[in-house]
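Residue numbers (the working numbering), protein chains in the order written: chain S, 98 to 533; chain G, 5 to 365.
No residue lacks a Cβ here, since even glycine has one placed at the ideal position from N, Cα and C.
Working notes, structure below.
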Amino acid sequence: MQFLLPDLGEGIQEAQILKLLVAEGDRVELDQPLMEVETDKAAVEIPSPVAGTIAKLHGGEGDVVNVGNPLVTFDTGDGAGGGEAAPAAKPAATKKAASKKPATPAAPATPPPPLPSGDVRAAPVIRKLAHRLGVDLRLVRGTGKRGRIVRDDVRAAAENGTAAIGSAPAASGPAPVAPPPVTRVAPIPPTVTPPGEPGKDAHGTTHTERLGQVRKTIAAQMAKSVSTIPHCTNFEDADVTDIDALRRGYNAVNPPERKLTLMAFAIQAIAHSLRRFPVFNATFDGDAMQIVYKDYLNIGIAVDSERGLVVPVMRNVETLDIHGIAASLKQLAHKVRNVSFTVDELRGGSFTVSNAGAAGGANRYATPIINHPESAILALGRARTEPRYVDGELRPRMILPLSLTFDHRATDGAESSRFLGDVIAQLENPARLLLG
Amino acid sequence: MPRTELDYGQRLEHLSILDERGAVDDALDPGFANDELLRLYRAMVLTRQLDIRMLRMQRQGQMGTFAPGRGQEATQIGSIRALRKSDWYWPSYRSFGAQMWRGWTVEGLMLLWDGYFAGFEIPEGTNELPFSIIVGGHIAPATGIAMACRYEGTDEVVLTNFGDGATSQGDFAEAVNFAGVYKSPIVYLCENNQWAISTPFEKQTASKSIAHRALGFGVEGIQVDGNDILAVSVAVEEAVARARAGEGPTVIEALTYRMDVHTTADDPTVYRKDDEVERWEAKDPIIRFEKYLRDRGALDDAAIEAIESEERARVDAGRKLFDELKQKDYREVFDYVYATLPPELQEQRADYFAKLDRAGL
Numbered sequence: 098m099q100f101l102l103p104d105l106g107e108g109i110q111e112a113q114i115l116k117l118l119v120a121e122g123d124r125v126e127l128d129q130p131l132m133e134v135e136t137d138k139a140a141v142e143i144p145s146p147v148a149g150t151i152a153k154l155h156g157g158e159g160d161v162v163n164v165g166n167p168l169v170t171f172d173t174g175d176g177a178g179g180g181e182a183a184p185a186a187k188p189a190a191t192k193k194a195a196s197k198k199p200a201t202p203a204a205p206a207t208p209p210p211p212l213p214s215g216d217v218r219a220a221p222v223i224r225k226l227a228h229r230l231g232v233d234l235r236l237v238r239g240t241g242k243r244g245r246i247v248r249d250d251v252r253a254a255a256e257n258g259t260a261a262i263g264s265a266p267a268a269s270g271p272a273p274v275a276p277p278p279v280t281r282v283a284p285i286p287p288t289v290t291p292p293g294e295p296g297k298d299a300h301g302t303t304h305t306e307r308l309g310q311v312r313k314t315i316a317a318q319m320a321k322s323v324s325t326i327p328h329c330t331n332f333e334d335a336d337v338t339d340i341d342a343l344r345r346g347y348n349a350v351n352p353p354e355r356k357l358t359l360m361a362f363a364i365q366a367i368a369h370s371l372r373r374f375p376v377f378n379a380t381f382d383g384d385a386m387q388i389v390y391k392d393y394l395n396i397g398i399a400v401d402s403e404r405g406l407v408v409p410v411m412r413n414v415e416t417l418d419i420h421g422i423a424a425s426l427k428q429l430a431h432k433v434r435n436v437s438f439t440v441d442e443l444r445g446g447s448f449t450v451s452n453a454g455a456a457g458g459a460n461r462y463a464t465p466i467i468n469h470p471e472s473a474i475l476a477l478g479r480a481r482t483e484p485r486y487v488d489g490e491l492r493p494r495m496i497l498p499l500s501l502t503f504d505h506r507a508t509d510g511a512e513s514s515r516f517l518g519d520v521i522a523q524l525e526n527p528a529r530l531l532l533g
Numbered sequence: 005m006p007r008t009e010l011d012y013g014q015r016l017e018h019l020s021i022l023d024e025r026g027a028v029d030d031a032l033d034p035g036f037a038n039d040e041l042l043r044l045y046r047a048m049v050l051t052r053q054l055d056i057r058m059l060r061m062q063r064q065g066q067m068g069t070f071a072p073g074r075g076q077e078a079t080q081i082g083s084i085r086a087l088r089k090s091d092w093y094w095p096s097y098r099s100f101g102a103q104m105w106r107g108w109t110v111e112g113l114m115l116l117w118d119g120y121f122a123g124f125e126i127p128e129g130t131n132e133l134p135f136s137i138i139v140g141g142h143i144a145p146a147t148g149i150a151m152a153c154r155y156e157g158t159d160e161v162v163l164t165n166f167g168d169g170a171t172s173q174g175d176f177a178e179a180v181n182f183a184g185v186y187k188s189p190i191v192y193l194c195e196n197n198q199w200a201i202s203t204p205f206e207k208q209t210a211s212k213s214i215a216h217r218a219l220g221f222g223v224e225g226i227q228v229d230g231n232d233i234l235a236v237s238v239a240v241e242e243a244v245a246r247a248r249a250g251e252g253p254t255v256i257e258a259l260t261y262r263m264d265v266h267t268t269a270d271d272p273t274v275y276r277k278d279d280e281v282e283r284w285e286a287k288d289p290i291i292r293f294e295k296y297l298r299d300r301g302a303l304d305d306a307a308i309e310a311i312e313s314e315e316r317a318r319v320d321a322g323r324k325l326f327d328e329l330k331q332k333d334y335r336e337v338f339d340y341v342y343a344t345l346p347p348e349l350q351e352q353r354a355d356y357f358a359k360l361d362r363a364g365l
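Next up, the structure:
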């Protein structure tokens, strides 16, 4: 007796075998669970429709079986249709794995004449799949019930490329040229095994990793920021040749613990500019329709750490000179390296600087996401030597790329250009920087 | 001029007689005779056995899509017992137990849910309507029947049941409002099984309860433990008596739980948590009623086993009949709606028959 896969939902076309609960040769009772299968709608257990012996299982775990095709052949001991007696009208099951050749008849080599789209028999899920795989359903011959197009038909068509979108002949256009078939080679082996639990989805194997606390926090914070703040980013360059020379000169004659980095100068410049443009050191409060300007300058420094992105806060930068800023940066770096910062040290920022260039992230420009509820963030790219015209001559100059994102509710592009211009003017002119 | 509290003297009760451990409140126990109790028990067991069998048949490709009702047996059987044969019953689609109480057969329900017209035959001698598939669609016409009963001066009463989701339909509000105004003899039984397919009760309404809504329409309302067959029986009996006495409608909210899928095409594991289902397993209406019956000496292990196997055999016998009775007649779909088929449907029929002929069916 041959048991055909029934329509387990309403109008489903196929089911995937998730788990076999019996093996060929097993004796089963009526209603004994045979297997778990999953359709578009639900995962269900199939109980045996008869008592008997499993003569043949027409699919293994992971295989997809079309509705109406044989699922199990039973030997019920009455001589009626055991083993191979029942002719399998259609191939039973097809492997999901892309490396296996589908057993269902592939789309014909010569595409049939295109049908008006209304006549394509395919479920919405199949239409979606076809769209995703770039398959023109009008060119696919359906092997399902009454010529319906099933998943395997679409996959086969996608694999042999016979029905790509755009390959349908236009009503009165030139004859179509069939695109060359896609040739597949051995898969590239993974160099890194992704973390997490191995599993699979409808398209192949996967790994699923549960988020750690830091990642969860970052995810929530980022989502909140981009979903509530209209972001707008300005890109500019600062010519830091002079300040770099000043810095090197100073470092050359001072002990290492008093060393000054370009970052320290940048923060000094930003601190001065924030005093002149307070809207970038503020919070836009959309509920109360007001802007809260912070009198303190608490500058968060976004850095890469073992635990992912963290933003320790340098407090009251308005009370620090360049040496104080440099010392404070060293302290923060030390804490990040030793993962010894407290949660409080990550709170209370009023502006953020992302040292993206140092972290090896964004080399040049970025579109940094504002650290909610602040109103702006500045990303420093990697300073590099580039040719620039200075006084009519092409010269090697040290260029620092800058990307400033601001909350467009709080202020506008002109103001952000002025703010960024003010930062740059200081970085390009050490005298202005040091004099404030 | 001052602010004063509006007090119309309306009260709202929750009724529980048999708790989930099977302990009974003696003062509230209606004191049914043992044979009446066993009749209720047997009907609940039959309902569950039919459910289990049909779910398996569906997975074996031998049954159409249907809505299993496991967990709601006490609400169904407890409510239907209060009706006289001449009273009117208009169920929703998850009411097999109550329908069988009214005379629908196992094979009839199987035929019906597997798509055979023969299954729609209404049992003789009762005032039945075919269940409503449209959520809440039957509440207003059921109210119309109740208004007609009063208008014509019969003493018939209408019972209609529906789910929590149906109370969000406008029909519910219109129907209860009219029944309140006209003191129509109707009992609105809401089987609040906590889920309207995948919408949980707390997303269904901001009301604390469905019973509560009766107050706004100025009609009687009560909430009962829907897994407590004694509480359901008492509440519905009282409501039916009031309706028959011309005192108008009652909204009854029976708190119960849909233990299985919404329909066989549904997968509740994607929207509800196992621990919620487990909590309700512990409140199973049949298990607590068994405990009550044992404590009264009306039931023992042997009797439980015997009743279960008898009711299972009844289902199996019905299934055999179903197998014999089911005859695919693709041509009958045009037969039962119009006495005289309108021209456009005649045309469709000719077209359809030609297709069947070509397919050799």
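Spatial neighbours of residue i in its chain, beta-carbon cut-off 8 Å, leaving aside the 5 residues before and after
| i | result |
| --- | --- |
| Asn131 of chain G | Lys89, Ser90, Asp91, Trp92, Tyr93, Glu160 |
| Ser513 of chain S | Cys329, Asn331, Phe377, Ala473, Leu501, Phe503 |
| Ile419 of chain S | Leu357, Ala361, Phe362, Gln365, Leu531 |
| Gly178 of chain S | Low confidence applies here, because Gly178 of chain S scores a pLDDT of 46, under 50, leaving its location unreliable and the question unanswered by this model. |
| Pro184 of chain S | Residue placement at Pro184 of chain S cannot be trusted, given a pLDDT of 40 that sits under 50; the coordinates are not used to answer. |
| Lys297 of chain S | Gly159, Thr303 |
| Leu117 of chain S | Leu131, Met132, Leu154, Gly157, Glu158 |
Residues near residue i by beta carbon distance below 7 Å, same chain, minus five either side
| i | result |
| --- | --- |
| Val147 of chain S | Met98, Leu127, Phe171, Thr173 |
| Glu77 of chain G | Met48, Thr51, Arg52, Gly101, Pro289, Ile290 |
| Arg46 of chain G | Ile311, Glu315 |
Chain-ordered chain G contacts of residue i [CB-CB under 8 Å]
| i | result |
| --- | --- |
| Gly106 of chain S | Thr69, Thr268, Ala269 |
| Ala140 of chain S | Asp271, Thr273 |
| Asp128 of chain S | Arg60 |
| Ile143 of chain S | Arg63, Gln64 |
| Leu101 of chain S | Gly65 |
| Pro146 of chain S | Gln64, Gly65, Gln66 |
6 Å CB neighbourhood of residue i in its chain, flanking five on each side removed
| i | result |
| --- | --- |
| Ala190 of chain S | With a pLDDT of only 47 at Ala190 of chain S, under 50, the local geometry of the prediction cannot be trusted, and the value read off the model is given with reservation. The residues are His155, Gly156, Asp160, Val162. |
| Gly244 of chain S | Arg218 |
| Pro213 of chain S | The pLDDT assigned to Pro213 of chain S is 42, lower than 50, so where the model puts this residue is not dependable; a value taken from the coordinates is nonetheless given after this. Counting only Cβ-Cβ distances below 6 Å, and skipping sequence neighbours, we find nothing. |
| Ala343 of chain G | none |
| Lys242 of chain S | Gly165 |
| Glu135 of chain S | Gln113, Leu115 |
For residue i, the residue or residues it bridges with in DSSP
| i | result |
| --- | --- |
| Cys194 of chain G | G:Phe166, G:Glu257 |
| His328 of chain S | S:Asp504 |
| Ala379 of chain S | S:Tyr390 |
| Tyr93 of chain G | G:Glu132, G:Leu163 |
| Asn296 of chain S | Position check: residue 296 of chain S holds Gly in this sequence, whereas Asn was assumed. According to DSSP, Gly296 of chain S bridges with S:Thr303. |
Cβ pair residue i, residue j closer than 8 Å
| i | j | result |
| --- | --- | --- |
| Ile388 of chain S | Ala379 of chain S | yes |
| Ala144 of chain G | Asp175 of chain G | yes |
| Ala480 of chain S | Met495 of chain S | yes |
| Val319 of chain G | Arg57 of chain G | yes |
| Gly65 of chain G | Pro103 of chain S | yes |
| Gly60 of chain G | Pro167 of chain S | What sits at residue 60 of chain G in the sequence shown is Arg, not Gly. The answer is no: Cβ separation not under 8 Å. |
| Glu125 of chain G | Gly112 of chain G | yes |
| Thr254 of chain G | Glu224 of chain G | yes |
| Glu121 of chain S | Ile151 of chain S | yes |
| Glu333 of chain S | Leu517 of chain S | yes |
Range of the contiguous alpha helix (DSSP H) that encloses residue i
| i | result |
| --- | --- |
| Ser451 of chain S | Ser451 of chain S -> not in any alpha helix (DSSP H); beta strand (DSSP E) instead, spanning 448-451. |
| His431 of chain S | 419-434 |
| Trp108 of chain G | Segment: none, Trp108 of chain G is in no alpha helix (DSSP H) and carries neither H nor E. |
| Leu531 of chain S | 527-532 |
| Arg323 of chain G | 305-329 |
| Asn413 of chain S | Element bounds for Asn413 of chain S: n/a, residue is neither H nor E. |
Limits of the beta strand (DSSP E) - the one that residue i falls within
| i | result |
| --- | --- |
| Gln99 of chain S | 99-101 |
| Gln227 of chain G | 224-229 |
| Ser237 of chain G | Taken as a continuous stretch (DSSP letters only), Ser237 of chain G belongs to no beta strand (DSSP E), being part of the alpha helix (DSSP H) at 233-248. |
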